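Residue numbers (the working numbering): 253 to 547.
Glycine residues also receive a C-beta, built at the ideal position from the N, C-alpha and C atoms.
Quantities reported herein were computed from a predicted structural model and do not represent experimental measurements.
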Ligand SMILES: O=C(O)CCC(=O)C(=O)O
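Structure below.
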């Protein structure tokens, strides 16, 4: 359970460390499962296996389907390919935290995504906001959980955040003008933006956001965030789990890799979108891990 002061901090800053949620053993199990999937690679899934929805290098530096020299491996819906990750999306402390921060009693998974920055040459995740990248969901999905499987710090490419930026609206056009920021030394140098005059936060003060392995960090879907390159000898492995509230409706105009699984009419509740979007919180309680997945 999050305390009232933590919830207040989240609403003020747009992000929050919710504390440890995974034991060493649980982190170890998730790492093993992730490494097994990395070893298979995007093309390594056999006919009887369920692949993740996307498995690609996000850095943009590759050609002809090959990764670039500084990859950021993105695996979307690893939960569909790994029982350990499927258990994780139901984690009671995580879904309770999302419920407290959104004030919603019904929650579903929108999608998850691994971002894996390999040791020594991991790439950059450019400054962005999440919600504008999700145009098939209305209203905007409010809060995500981010859990690292390595201590994530400035050296291995932890996320950076801008406190208060979740109150400034959709600023993706501005953030795209800052996509040259890639390395740790320069990542905080956002320039040329003035927050709306009536916004509670008037400074653009980017800061590194270190999170220990097995802790959960929550961020609002409009909080400015990104993560610089990993030049350290340690990998930086993490998952973001993006949740939807019971308010979410399908917007058929937009495009998104998850759209292929939605067969709803425009404006229909995403609660009816089917098995790729599992319910994890119902009537104010965690749904719990399905029986077939219990150890
Ligand atoms: O893992 C990262 O560095 C970035 C994750 C991210 O962009 C997100 O959780 O929305």
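Go through the stretch 333-386 residue by residue and report every complete run of the beta strand (DSSP E) that reaches 3 residues or more, in order.
359-369 and 377-380
Using C-beta distances below 7 Å, list every residue in its chain close to residue 516, excluding the 5 sequence neighbours before and after it, in chain order.
502, 524 and 525
Go through its chain and collect everything with a Cβ distance to residue 420's Cβ below 7 Å, but skip five positions before and after it.
447, 448 and 451
Looking at C-alpha atoms only, which residue of 279, 270, 273 and 266 is the closest neighbour of residue 489?
279
Taking the alpha helix (DSSP H) that residue 301 falls in, what are its first and last residues?
Where residue 301 is concerned, there is no enclosing alpha helix (DSSP H), given that its DSSP letter is neither H nor E.
Can you check DSSP and say which residues form a bridge with residue 398?
469 and 492
In terms of DSSP beta bridges, what is residue 268 paired with?
470
Skipping 5 residues on each side, what residues in its chain have a beta carbon closer than 7 Å to that of residue 454?
447
Residue 330 versus 316, 293 and 410, residue with shortest Cα-Cα distance:
293
Please indicate yes or no: does the CB of residue 479 lie closer than 7 Å to some heavy atom of ligand 1?
yes
Tell me which same chain residues have a C-beta within less than 8 Å of the C-beta of residue 459, skipping the five on either side of it?
412, 413, 414, 415 and 440
By Cβ distance below 7 Å, which residues in the same chain neighbour residue 434 in space, the five residues on each side in sequence not counted?
376, 480 and 481
Note the first and the last residue of the continuous alpha helix (DSSP H) segment covering residue 279.
276-292
As an exercise, report each continuous beta strand (DSSP E) stretch of at least 3 residues that is fully enclosed by the stretch 479-538, in chain order.
488-497 and 531-534
Are there any heavy atoms of ligand 1 lying less than 7 Å away from the beta-carbon of residue 345, as far as the coordinates show?
no
Residue 253 to residue 266, Cα distance in whole Å?
18 Å
Mind checking whether the beta-carbon of residue 377 lies closer than 7 Å to any heavy atom of ligand 1?
yes
How about residue 398: is its Cβ closer than 7 Å to a heavy atom in ligand 1?
yes
Whole-angstrom Cβ separation of residue 302 and residue 332, contact assumed at under 8 Å?
5 Å
Under three-state DSSP, which class holds residue 428?
helix
Considering just the uninterrupted stretch of the beta strand (DSSP E) at residue 459, what are its terminal residues?
459-461
If you compare alpha carbons, which of 284, 532 and 272 is closest to residue 464?
272
Taking the DSSP output, what are the residues bridged to residue 326?
308 and 367
So, helix, strand or coil for residue 404, using DSSP?
strand
On the CB-based measure, 16 or more other CB atoms within 10 Å of its CB, does residue 408 come out buried or exposed?
buried
Note the first and the last residue of the continuous beta strand (DSSP E) segment covering residue 411.
411-413
Same chain only: Cβ atoms within 8 Å of residue 275, ignoring 5 sequence neighbours per side
466
Does the distance from the CB of residue 360 to the CB of residue 522 come in under 8 Å?
yes
Rounded to whole angstroms, how far is the Cβ of residue 328 from the Cβ of residue 363, which I believe are closer than 8 Å?
6 Å
Given 8 Å as the limit, is there contact between the stretch 399-407 and the stretch 494-511, that is, 3 or more CB pairs closer than that?
no
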